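Visitor:
Numbering (the UniProt record's numbering), first residue to last: 1 to 515.
1) Between which residues of its own chain and residue 99 is the CB-CB distance below 6 Å, once the five residues before and five after are set aside?
2) Going along the chain, which residues of its own chain have a beta-carbon closer than 8 Å to the beta-carbon of residue 434, five neighbours each way excluded?
3) What number of angstroms, rounded off, separates the C-alpha of residue 62 from the C-alpha of residue 376?
4) Is the CB-CB distance between residue 243 and residue 287 below 8 Å?
5) Given this structure, state the Cα-to-Cα distance separating residue 160 from residue 176, to the nearest angstrom.
6) Within its chain, find whatever has a CB closer than 6 Å to the CB of residue 420; leave out the 5 residues flanking it on each side and keep chain order.
7) What does DSSP give as the partner residues of residue 151 in its beta bridges?
8) Please report how far the alpha carbon of residue 297 lies from the alpha carbon of residue 262, in whole angstroms.
9) Might you give, ordered along the chain, the residues of its own chain that have their beta carbon closer than 7 Å to the beta carbon of residue 265, omitting 5 neighbours on each side?
10) Just reading off the beta strand (DSSP E) that residue 428 is part of, what are its end residues?
11) Excluding the five sequence neighbours on either side, which residues of its own chain have a C-beta within less than 7 Å of the C-beta of residue 429, listed in chain order?
12) What does the alpha-carbon distance come out to for the pair residue 527 and residue 118?
13) Could you please give me the residues that DSSP links to residue 249 through a beta bridge?
14) Can you list, in chain order, the residues of its chain with a C-beta nearer than 6 Å to that of residue 289? Leave out the 5 residues immediately preceding and following it.
15) Does the Cβ-Cβ distance between residue 301 and residue 395 come in under 8 Å?
16) Going by DSSP, name the residue or residues bridged to residue 48.
17) Among 171, 50, 76, which residue has its Cα nearest to the Cα of residue 158?
18) Tell me which residues share the same chain as residue 169 and place their Cβ nearer than 6 Å to its Cβ, disregarding the 5 neighbours each side in the sequence.
19) How big is the Cα-Cα spacing for residue 479 and residue 252?
20) Can you name the start and end residues of the alpha helix (DSSP H) that residue 347 belongs to?
21) To the nearest angstrom, how far is it from the Cα of residue 273 to the Cα of residue 200?
22) With a 10 Å radius around its C-beta and 16 neighbouring C-beta atoms as the bar for buried, classify residue 422 as buried or exposed.
23) With C-beta atoms as the reference, is residue 325 less than 8 Å away from residue 364?
24) Count the other CB atoms within 10 Å of the CB of residue 205; is the residue buried (16 or more) or exposed (fewer)?
25) Assign residue 240 to buried or exposed, taking buried as 16 or more other Cβ atoms, counted over all protein chains shown, within 10 Å of its Cβ.
26) Can you give me the C-alpha to C-alpha distance between residue 390 and residue 398, rounded to a whole angstrom?
27) Our contact map puts residue 50 next to residue 101 with C-beta atoms below 8 Å; I'd like the distance itself, whole angstroms only.
28) Mapping DSSP to helix, strand and coil, what is residue 113?
29) Looking only at its chain, what residues have a beta carbon closer than 6 Å to the beta carbon of residue 137, apart from the 5 residues adjacent to it on each side?
30) Taking a contact to mean a Cβ-Cβ separation below 8 Å, would you say residue 129 touches residue 107 in this structure?
31) Can you list, in chain order, the stretches of the alpha helix (DSSP H) that have 4 or more residues and sit fully within the UniProt domain "ERV/ALR sulfhydryl oxidase" (301-403)?
32) Given a cut-off of 8 Å on the beta-carbon distance, is the pair residue 400 and residue 385 in contact?
33) For residue 45, does the count of other Cβ atoms within 10 angstroms reach 16, so buried, or fall short, so exposed?
34) Can you tell me whether DSSP reads residue 67 as helix, strand or coil?
35) Taking 8 Å as the limit between beta carbons, can you name the residues of its chain near residue 306, skipping five residues before and five after?
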């Protein structure tokens, strides 16, 4: 055998040996992973850096935040991580036991991108933990700031000690073994009217969930197209969340192209519908960062109570107190048609449709529509109170009640009198009820957004008019605001305005409203 053949055989043997060694290392690595319990456990704490630090803390629905400054090369930091994560899993993520209370985050100071951020907080050791309201982190911290709202956590070296420290700050009694929905710490919504401020995030989630349901169940059809357009118009003009107003407008701007009137007359309408739904899924009606699975105000003590239906009611009430007199009938028909066509609980939507159908004449005052919706909600609650009591299906922590309770609005309750439909034998002072609704579902609901600077000032308003439904309409003021927000969306808005002369219905511009 020639020397060349021997060289080739030797090379093949070396390559095979190397592959076996590499394979052996892979196998050993996999065995090692299995021995320690598989892949690394999920991180619950949110990783922050200099590029997203302010944005995440600004948008969080949580009341408080903890920021851990650490270095990935620090052995003490690596050892501390599992303690920090054991606490973070109680508060962070859609499966959190106690969501919306504390946002737990961390910043790696060993990364060059975070050098200035860590200097801003005068980080003197690792790990170093700070506590405070999320928006108070923007300015940083130094040891000589006597009036800073941020505090250094000086007793949190273990999970138990950290959670005890948190409990002392907020007067809670949370434990590391707390489980989801076995939640004895939920505060009843009748204990503090200010809790409605947390519902603004639930309103966003309910809006996004409703849109998801519509797409998932392919509910956009020739006969439901117009009701969806009218409801989206209402959201563009009066949704309490700025990002939902903007997202709804983006959908409307593109709706005629995605869902033309003649789409269902085509032989390929099934394909067209699937394509339309696929594109609409890429739209985020309340933005990409809308909280999902949290349910702050609307969180039930059991997995199958409250949540989406509660958030939808809050949304409707918030819309009812934001409209003008001339919009009252349009808002009424928009909400009634939306529930009738898109609320997937058949018995619920049928009952709501019957209440809508019982209205004798058109609404001419916003006050009358808001009070009708309030009365309708109480009628639903009164019916469900009886059913849930007999079937034991209600939420024991949040039983249905007639709203508002006397603790919230003493001036709303006059005296006991003959039983009135939806009134549960209460003689209401309706003017006082209307004032309460405006305060509760208006100013108080958006107070957290105002504090965080996420809500543009009241400014001026857009008046909706009852209209035809052959095309999509976005208020001119809304389109202008969006154009200012981003060049791309501005281009779409300009395109939309160029098409308005050919459209059959319009919004009368009373004055300009920021989206």
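Quick reminder that beta carbons are idealized off the backbone N, C-alpha and C, glycines included.
Bear in mind that the values here come from a model prediction, so they are computed numbers and not experimental data.
Guide: From the atom records:
1) 294
2) 367, 370, 371
3) 32 Å
4) yes
5) 7 Å
6) Residue placement at residue 420 is flagged as unreliable, the pLDDT there being 45, under the threshold of 50; a coordinate-derived value is accordingly withheld.
7) 131
8) 42 Å
9) none
10) 426-428
11) 411, 412, 414
12) The question about residue 527 has no answer here: the residues shown for the chain are numbered 1 through 515.
13) In DSSP, residue 249 forms no bridge with anything.
14) 59
15) yes
16) 107
17) 76
18) none
19) Bear in mind that the predicted position of residue 479 carries a pLDDT of just 40, short of 50, making it too unreliable to give a figure here.
20) 346-357
21) 32 Å
22) Only weak support exists for where residue 422 lies, its pLDDT of 44 falling under 50; the value from the coordinates is given anyway. Counting Cβ neighbours within 10 Å, residue 422 comes out buried, since at least 16 surround it.
23) yes
24) buried
25) buried
26) 16 Å
27) The pair is not a contact, with the Cβ atoms about 26 Å apart (cut-off 8 Å).
28) helix
29) 57
30) no
31) 308-320, 328-342, 346-357, 366-391
32) yes
33) buried
34) strand
35) 295, 298, 299, 300, 395, 398
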